[in-house]
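Keeping their order, the protein sequence lines are chains A and B.
Under the numbering used here, the first residue of the first sequence is numbered 479, with each subsequent residue one higher.
Under the numbering used here, the first residue of the second sequence is numbered 298, with each subsequent residue one higher.
Beta carbons: idealized from backbone N, C-alpha and C, even for Gly.
Just so you know, these numbers come straight off a predicted model, no measurement behind them.
Data block below; observations after.
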Amino acid sequence: MNAVVFEIGKFATHDGPGIRTVVFLKGCPLRCTWCHSPESWKAEPEQYPDGTIVGKVMSSDEILAEVLKDKDFYEVSGGGLTVSGGEPLFRAEFLVELLAKAKAAGLSTAVETSGYAPPAAIEKVAAVCDLWLFDVKGLDPEKHRAHTRVDNAPILRNLRWLDAHGAKIVLRCPMIPGVNDFPANLAALGKLADELKGIERIDVEPYVPYGIDKARKLGLTVYEAPMPPPEYGSGVVSVLAKQTKKPVRLG
Amino acid sequence: MTLTRKNFLVSASSFAAAVGLDPAAFAAAGTNPFRKLDLAALRKELRAFYPDESHGVCKDPRQPASVKAIGDALDEWAAAHPGYDALDVRREEYLLVRKHFVPFLFKESPFYFEAGVNGGWCYTSTSVPGRHVNRLCNRFYREQGLIPDAAFDLLWGRAGQRLLVCCGPFSDDMHHVPAFRTILTKGFKGVRDEVAAALEACPAHDPLGKKELETALVGLDTIHCIQLKFHEAAKEKVKGLGEGEERRNLLRIVEASARCPWEPPKTFFEALNALWFIREIPAYVDGLDQFALGRPDAWLIDFYRADLAAGRLTVEEARELVAAFLVTSDCHLDTARVVDSFDDQEAEMPLTLGGCDKDGKPVWNELTEMFLDLHLACDCVFPKLHCRIAKDSPEPYLRKIGEMLMAGHAVFALFNDDRHVAQFVARGFRPELARDYICAGCWDSYVDSWTDVDCANYTSPLRILELTIHRDPEVERKCRLKIDPIDGLTSFEAVRDTLYRNFIRFYRDVLSEYTRYGRANAKVFPHPVYSMCLEGGIRSRRDTMDGGVAFRPRIVTLAFMANVVDSLAAIRQLCFVDKTCTLDEFLAAVRSNWAGMRGEELRQAALRAPYWGDDSSVTNGLMKAWIDRVADETDLYRNDQGGPYVLACWVYREFLYWGEKTKATPDGRRDGDRLAQGFCPSEYRCNVGPTTVLNAIGTLDHSRFFATNANLSFDKAAMSPETFAAVFRVVCRKDMHLLQPNCLSVEELLDAQVHPERHRDIIVKVCGFSARFVSLSKRWQDEVIARHKLK
């Protein structure tokens, strides 16, 4: 099977254990207002005004061949393949094929997801995924809908299903000043983490304005704010750490 | 006390405070753990003694005065003995050293070895008496017809034209390694006894051998005399001293200097002192640059443990000695001095740590950790730390190096045991000897006491490429080059092969000239003491420069290969694959320094072509083909000592200096742009991460090289000690020789340019040496920042 890849990031050290390669698939059903990769929204390749093509159609074998170039690094570090997006579950069948081939090649696998997918997709991928990097962007349903254009109910349902079925999960929480960093959301995140035994850690990921220029070039709109000060992320970590027994760190 | 991370950090901050770096930290940190040895005072005393820069002379006027007195007396002697040869002068110099040597003992130092040898380049007769021999005997080259004037003119002409570097006339007379193991096991006396026995057995038909042995005996007795001068000076100095640290140190020196290292060391202190003594004193009497300080964790651990068990030493005392050992090296040059040219602070000798012992077991012990911790705690730039690593090195050892790098302490060259040990075994060394190799200079490995590696000889394929494009008949005539043009060629293969032929003609000439003339140096610059301490010297009765040593390979370096490969790849892509332009149009653009819109358009296209480091089959193949062809050619030659020539791939500061004079090249470089270091990709090209670069380097057959260098920068935000440990293991898996890692952020470096006072502790690996980032000149700072912008 083929999918559209908009980036392959080598030597990734923050997207799962060890040294990893992150494959970013195009296509996402969410429209997060703060998105730092709006070029991932459309599932098809597209073109910036300067002629640069974003997205390349690749087969799972082609991707795997590229990923396996760094096998030495995975073997010595416990690393492997992480698939991100976009929303990788948007192409669940392809994702299952790619992860299965990666596992057969001896790699550890991880998926970074918004969790917004049909339950059947989650179930299929769970069989070939060693670690879920699961975004929880907010627990207030209305605010979630307003900022992502989708409901969070199916997301939370999938999260609980994964937890109930023994998945290893790292919660990844994008922290957007003025959007989801209010105390009630942090308290709810902490409570959720404590309820779910499979959650190993919470990663706080402060807002980065990297999507602005790309969105403008593609005629899209994203939240435009300056980079928060360096102490913002550590401040959120310290507040959230008081709300949960699970480890919290800056992602 | 075992150092933990916590008390180590306390030590680091309190020590920094104690030396006046940060009074606030001092107040906060509490007691100085080095209370028994005031290192701030030691630093002050040593800095007042040592020169500030690499070519400097000892600041204590007694040292240069004694060197001059020896020189004056030698001149008088020479005038009275006009028929002298170099060994005659050497013998007389040894005798005069006995008369004029000044033993320097410091109030704050526990050691006795100081002769005032520069920590940088000690090859002038103003700094060491051993170099008076060259001064008096250089005329032999011409008078005795050893090397014709025309050959010298050609050598210096080619060096001036950036075609080659030879650290000495036709032979590298700079890079040597003391015979540590010989002296640590036999003492100088043991060598003397063997020389005396060899002299007695010397056949009558070998007068030269007899003279070499006789001269060595005089030299070895001079070393004994020097040791006893320290003994007498310490005895004299201790008189009248009240109780205290200085008296305690002097009494220890009085006791030890009565016998060691004339006799082998028996205690940790004696062995530690001996490492310095074995480096310093033979360098002083023989005029040799000795670029190594030994392997203390592997060699001294038994002394250390035995002393602790016997109650002769405490851990705290050992730490004080090790701290003083390191700080002594760090004070040899002024690390606050601006680094811009070869005259500045650099080149202090390296210390080897880690690796494996002779049985192949990892060396990661209390001393390894102590030397690493104290190097950081004492805020040392020097000695350089050459750490041996392997695929199966202990994880805590590799993480410790990673931690230090994360702290901005980039003082490491990491030597891959799996490659270096295999290399020595392949060259006939017993595995137990090969496993005990030590690291020296910037990138070289030695089996000390067995090898004397003639290592610093560069050749520049890129300069030949430059001349092939930017023709210069005057240079071609003066440097005796035959350059075939590539203009008008109709296939990439023809371009590639023409460039190769242009280079290999020059390369063959250079090797032939080294072989023809290299040995002449033995008649100008013999060093009998050093030679007789090396395996094979006594048996052959010949100097190391005269074929006397068991293994003396000659290392020939290919410089700027990444630029050569990138240039070929650009020509291939633009002129023969994409057909963006004709070869002649492309060459015209390069010759014009990419002038005009079309020129810039072609330059941008060249920058988009495959490049070395991108792990593409095109550039991997081009590099491999060049290396294999040159290595095959190299294997056909024997050097002036009868040993092999072996390839290397590294370059020192020339990648900046020579780059500034190099015209535009097809890889998209403009006039004056920097060149690429060792196996690193070009700074102008690389937009891939470290895994891709290391994968590309890993495609080469590293057994074709004696040494190579990859100086790679890692983004601090992506790194952790664990990640570094993993990267180091991959470097070993890839069979690479050496990694010189940096770990910084561009933001930090830019801030350091604006606020140097905030970043004094950032130490960066520049090329073969490290320096404080804030001490680098602007052009060097910019170069380091450019490296860190690599993706």
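Would you please state the rounded distance, in angstroms, between the beta carbons of leucine 630 of chain B and serine 351 of chain B? I believe it to be under 8 Å. 7 Å
Based on the DSSP secondary-structure assignment, which residues constitute the bridge partners of serine 742 of chain B? B:Cys736
One question on the structure: do glycine 516 of chain B and valine 826 of chain B come within less than 8 Å of each other, judged by their Cβ atoms? yes
So that I know if they touch, is there some Cβ in chain A lying closer than 8 Å to that of asparagine 992 of chain B? yes
Proximal residues of chain B, C-beta to C-beta of lysine 547 of chain A below 9 Å: Asp912, Thr988, Thr989 and Asn992
Exposure of alanine 326 of chain B, with buried meaning 16 or more beta-carbon neighbours within 10 Å: Because alanine 326 of chain B carries a pLDDT of 34, less than 50, the predicted location of this residue cannot be relied on, and the following value inherits that uncertainty. Classification of alanine 326 of chain B: buried, given that the 10 Å Cβ count is 16 or more.
Are the C-beta of proline 707 of chain A and some C-beta of chain B separated by less than 8 Å? no
Determine the extent of the alpha helix (DSSP H) in which leucine 673 of chain B is found, giving its start and end residues. 663–674
So with CB distances below 8 Å, who are the chain A contacts of arginine 1027 of chain B? Checking the sequence shown, residue 1027 of chain B turns out to be valine, not arginine. Simply Asp550, Phe551 and Val554.
Could you name the residues of the same chain whose beta carbon sits closer than 8 Å to that of tyrosine 797 of chain B, not counting the 5 residues immediately before and after it, in chain order? Trp923 and Arg926
List the residues of chain B whose Cβ lies closer than 9 Å to the Cβ of threonine 530 of chain A, in chain order. Correct list: empty, because the minimum Cβ distance to chain B is about 12 Å.
With distances taken from CA atoms, which of B:Gly844, B:Asp446, B:Thr962 and B:Gln938 is nearest valine 887 of chain B? B:Thr962
Comparing C-alpha positions only, which one of B:Pro407, B:Ile835, B:Glu613 and B:Lys396 sits nearest to lysine 526 of chain B? B:Lys396
Identify which residue in B:Pro593, B:Gly608, B:Phe600 and B:Asp689 has its Cα closest to the Cα of glycine 648 of chain B. First, the amino acid is wrong: residue 648 of chain B is leucine here, not glycine. The option with the nearest alpha carbon to leucine 648 of chain B is B:Pro593.
First and last residue of the uninterrupted alpha helix (DSSP H) at alanine 631 of chain A: 631–642
Distance, cysteine 653 of chain B Cα to arginine 802 of chain B Cα: 42 Å
Have a look at the DSSP bridge pairing and note the partners of alanine 481 of chain A. A:Met536
Pull the bridge partners of threonine 499 of chain A from the DSSP assignment, please. A:Leu559
What residue does the beta strand (DSSP E) around glycine 896 of chain B start on, and which one ends it? No beta strand (DSSP E) holds glycine 896 of chain B; the alpha helix (DSSP H) holding it covers 893–905.
Residue-chain proximity (threonine 560 of chain A, chain B), Cβ-Cβ < 8 Å: no
In the stretch 489–523 of chain A, which residues sit with their C-beta less than 9 Å from some C-beta in chain B, listed in chain order? Phe489, Ala490, Thr491, His492, Gly496, Ile497 and Thr499
Going straight from the alpha carbon of arginine 736 of chain A to that of glycine 995 of chain B, what length do you get? Summary: the structure shown does not reach residue 736 of chain A, with chain A confined to residues 479 through 729, and so no result is reported for it.
Out of curiosity, what's the CA-to-CA distance linking arginine 340 of chain B and lysine 507 of chain B? 45 Å
Contact criterion: CB-CB distance below 8 Å. Does serine 1000 of chain B meet it with respect to chain A? no
Along the beta strand (DSSP E) that carries phenylalanine 1003 of chain B, what are the first and last residues, could you check? 1002–1005
Going by DSSP, which residues form a beta bridge with arginine 851 of chain B? B:Asp751 and B:Tyr942
According to the neighbour-count rule (16 or more other Cβ atoms, all chains shown, within 10 Å of its Cβ), is asparagine 984 of chain B buried or exposed? exposed
DSSP three-state label for phenylalanine 331 of chain B, please. Residue placement at phenylalanine 331 of chain B cannot be trusted, given a pLDDT of 37 that sits under 50; the coordinates are not used to answer.
I'd like the list of long-range same chain contacts for glutamate 700 of chain B, defined as Cβ closer than 7 Å, with 5 residues on each side in sequence excluded. Pro1018
Quick one: what does DSSP say glutamate 702 of chain A is sitting in, helix, strand or coil? coil
Quick one: using the 10 Å Cβ neighbour count with 16 as the cut-off for buried, is lysine 615 of chain A buried or exposed? buried
In the DSSP assignment, find the unbroken alpha helix (DSSP H) run with threonine 812 of chain B in it and report its ends. 789–814
How would you write the range of the beta strand (DSSP E) that isoleucine 780 of chain B sits in, first residue to last? Note, isoleucine 780 of chain B: premise wrong, no beta strand (DSSP E); not H, not E.
Under 8 Å, Cβ to Cβ, is there at least one residue of chain A near threonine 1020 of chain B? yes
Are lysine 681 of chain B and glutamate 729 of chain B closer than 8 Å when you measure CB to CB? no
With 16 other CB atoms within 10 Å as the buried threshold, where does serine 554 of chain B fall? buried
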